[in-house]
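Keeping their order, the protein sequence lines are chains A and B.
If you're matching positions, the first sequence starts at 1 in my numbering and goes up one per residue.
If you're matching positions, the second sequence starts at 254 in my numbering and goes up one per residue.
Using N, Cα and C, we set each Cβ at its ideal position, and we do this for glycine too.
Here's the structure, in structure tokens; my notes come after.
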Amino acid sequence: MIKQAVLSVIVSAASLVAMGSDDLVAIPGGSYVPFYPQKGTTTKTPVPPTLVESFLLDRDPVTNRRYLEFVFQHTEWRRSSIKRIFADSGYLQHWNNDLSILPEDLDKPVVNISWFAAEAFCEAKQERLPMTDEWEYVLEDLGRGKASRMQQVLQWYSIPNRELPQAGNSPPNGFGIRDMVGAIWEWTEDFNSFMASPDSRDSGQRNMFCGGGSLNASDPTDYASFMRYSFRSSLQGDFTGRNLGFRCAKDLK
Amino acid sequence: MKKLIAGCFAILFMYGVPQAWGHEHTSGMSMTEPQTGSIYNLKDTWTTSEGKNFQLTELAGRPVVMSMIYTSCKEVCPRIVEDMKKIERTLPPELVGRVQFAVFSFDTQRDTIDKLKEYAKAHHIDTPTWLIARSDAGAIRRLSIALGMKYKKLRDGDFEHDTLISVVDQYGVISYRVNNFTHETDETISAIKKMMKQ
Chain A
1 MIKQAVLSVI VSAASLVAMG SDDLVAIPGG SYVPFYPQKG TTTKTPVPPT LVESFLLDRD
61 PVTNRRYLEF VFQHTEWRRS SIKRIFADSG YLQHWNNDLS ILPEDLDKPV VNISWFAAEA
121 FCEAKQERLP MTDEWEYVLE DLGRGKASRM QQVLQWYSIP NRELPQAGNS PPNGFGIRDM
181 VGAIWEWTED FNSFMASPDS RDSGQRNMFC GGGSLNASDP TDYASFMRYS FRSSLQGDFT
241 GRNLGFRCAK DLK
Chain B
254 MKKLIAGCFA ILFMYGVPQA WGHEHTSGMS MTEPQTGSIY NLKDTWTTSE GKNFQLTELA
314 GRPVVMSMIY TSCKEVCPRI VEDMKKIERT LPPELVGRVQ FAVFSFDTQR DTIDKLKEYA
374 KAHHIDTPTW LIARSDAGAI RRLSIALGMK YKKLRDGDFE HDTLISVVDQ YGVISYRVNN
434 FTHETDETIS AIKKMMKQ
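What follows is the structure, given as structure tokens:
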């Protein structure tokens with residue numbers, strides 16, 4: 001009861017400036033050309049497009065405010081009770097304690113979140129994390145504004161540890177989705193699915209970004225994608241980072 | 254204190270109740286809270302090739318050598334299983350029957366209980382020290398990520414995946430991992446010996 005009161009004070013303190021929305025946006029299905037081809041295709045043939053079915057995606061990344069509401073109800077995901085297998089020691093380190101955070105951070109994307117924590121949040125809402133193909137498809141935005149987006153991505157990647165903007169800060173892309181670029185890196189459901197070399201399952205070798213690996217890229221000049229795929233493949237499920245957050249998705253039924 | 258109690262349970266299980274997991278036993282270990290770094294914090298339900306439902310924490314009390322495969326996999330998965338069998342064959346006499354071997358399927362669609370049973374028989378792993386299990390897509394993703402195993406479902410229904418073999422100790426903490434076929438089982442065996450001494 002007392003905790004409830006404390007929480008409502010914390011939340012109401014900055015409710016006037018709430019920006020990040022929890023709306024899910026319907027993303028019409030389509031196809032995109034993945035950065036890396038699936039197994040079996042070679043560099044001699046063009047990378048075939050990957051089909052993505054219609055689905056729902058959060059308009060904005062999940063904010064500290066929404067995550068605070070989640071840990072208030074789901075005590076096992078609070079900073080002091082999290083199991084080490086599910087998150088490293090950086091988990092929610094920017095919060096003051098289990099249920100308190102600076103008011104100016106409430107509507108910023110939540111970061112210092114592990115895959116297990118992000119997944120539990122989405123699951124509690126009967127949602128899920130977006131698949132990598134879905135996430136990349138939305139970023140690619142059916143090719144709309146490609147040149148400027150690649151510039152924007154590279155420019156953002158080049159500034160380390162910038163102060164986070166409020167969620168929903170950037171103009172929506174063609175799908176109506178905001179902050180795909182420029183705020184945070186985001187978890188995907190199958191971040192651990194990245195296999196660069198088509199032969200990796202036979203040889204057990206990992207030539208991620210040298211030689212053979214890079215030759216398979218659909219666009220070797222797309223440095224931003226190299227960075228994104230490289231970053232994803234370096235992650236483990238318990239990792240947290242001060243620029244690593246998430247948004248949820250849902251099947252369209 | 255908690256550690257001490259968990260330790261007592263472990264000792265009880267290691268020395269007091271040495272029968273294989275596949276047999277009936279009281280599940281005292283699963284009543285205690287797993288260590289914070291234990292994969293036994295994953296609460297998903299799995300089903301064995303015998304149709305028995307279980308949670309991973311029921312494996313606690315002995316080292317488990319585990320990996321993930323799918324039964325229609327022609328080349329890599331049989332090698333993973335062979336590698337695990339080799340580990341079992343080279344166990345020193347005092348450890349025989351006291352190490353659990355477990356393989357978990359990626360393939361929610363094709364790997365039915367009957368398929369698993371067939372596979373276990375064909376590969377001679379239908380013994381009490383082995384188990385082969387299936388679950389839903391979420392459980393599979395969570396276990397693969399907890400183990401650090403990469404995989405991707407391909408368009409034709411097959412899977413591209415690591416060859417990772419993990420050894421978890423009696424508490425479910427990952428203690429040893431090997432991700433290629435060139436390693437000698439000696440190292441795995443000494444890792445198991447070490448955790449049995451703790």
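{"Check": "Can you look up methionine 227 (chain A) in the DSSP assignment and give me helix, strand or coil?", "Outcome": "helix"}
{"Check": "How about arginine 84 (chain A): is its C-beta nearer than 8 Å to some C-beta of chain B?", "Outcome": "yes"}
{"Check": "Below 8 Å, how does it come out for the region 155 to 172 of chain A and the region 372 to 379 of chain B: are there three or more Cβ pairs, yes or no?", "Outcome": "no"}
{"Check": "Quick check on this structure: which residue in B:Lys370, B:Leu407, B:Leu348 has the alpha carbon closest to the alpha carbon of glycine 304 (chain B)?", "Outcome": "B:Lys370"}
{"Check": "Are the Cβ atoms of phenylalanine 121 (chain A) and phenylalanine 86 (chain A) separated by less than 8 Å?", "Outcome": "no"}
{"Check": "Pick helix, strand or coil for tryptophan 95 (chain A), following the three-state DSSP scheme.", "Outcome": "coil"}
{"Check": "Check the DSSP bridge columns for tyrosine 32 (chain A) and list the partner residues they point to.", "Outcome": "A:Thr50"}
{"Check": "Tell me, please, whether the CB atom of glycine 237 (chain A) is closer than 8 Å to any CB atom in chain E?", "Outcome": "No chain E is part of this structure, whose protein chains are labelled A and B."}
{"Check": "Report the rounded CA-to-CA distance for glutamate 76 (chain A) versus arginine 84 (chain A), giving the unit in angstroms.", "Outcome": "11 Å"}
{"Check": "Taking only beta-carbon atoms, is threonine 438 (chain B) less than 8 Å away from chain A?", "Outcome": "no"}
{"Check": "Rounded to a whole number of angstroms, what is the C-alpha to C-alpha distance between glutamate 189 (chain A) and asparagine 243 (chain A)?", "Outcome": "17 Å"}
{"Check": "Just to confirm before moving on: does the CB-CB distance between glycine 314 (chain B) and glutamine 362 (chain B) stay below 8 Å?", "Outcome": "no"}
{"Check": "What is the DSSP secondary structure of leucine 400 (chain B), counted as helix, strand or coil?", "Outcome": "helix"}
{"Check": "With 16 as the cutoff for other CB atoms within 10 Å, does arginine 342 (chain B) come out buried or exposed?", "Outcome": "exposed"}
{"Check": "How about arginine 66 (chain A) and aspartate 98 (chain A): do their beta carbons lie closer than 8 Å?", "Outcome": "no"}
{"Check": "For glycine 401 (chain B), would you say it is in contact with chain A, using Cβ-to-Cβ distances shorter than 8 Å as the test?", "Outcome": "yes"}
{"Check": "To which residues of the same chain is alanine 373 (chain B) closer than 6 Å at the C-beta, ignoring the five residues directly before and after it?", "Outcome": "Ser302, Asp379, Ile385"}
{"Check": "For lysine 339 (chain B), is the classification buried or exposed, using 16 other Cβ atoms within 10 angstroms of its Cβ as the cut-off for buried?", "Outcome": "exposed"}
{"Check": "Would you please verify whether the beta carbon of leucine 16 (chain A) is less than 8 Å from any beta carbon of chain B?", "Outcome": "Its pLDDT being 42, under 50, leucine 16 (chain A) is placed unreliably by the model, and the measurement read from it follows with that caveat. No, its Cβ sits nowhere closer than 8 Å to a Cβ of chain B."}
{"Check": "Report buried or exposed for isoleucine 418 (chain B), applying the criterion of at least 16 other Cβ atoms within 10 angstroms of its Cβ.", "Outcome": "buried"}
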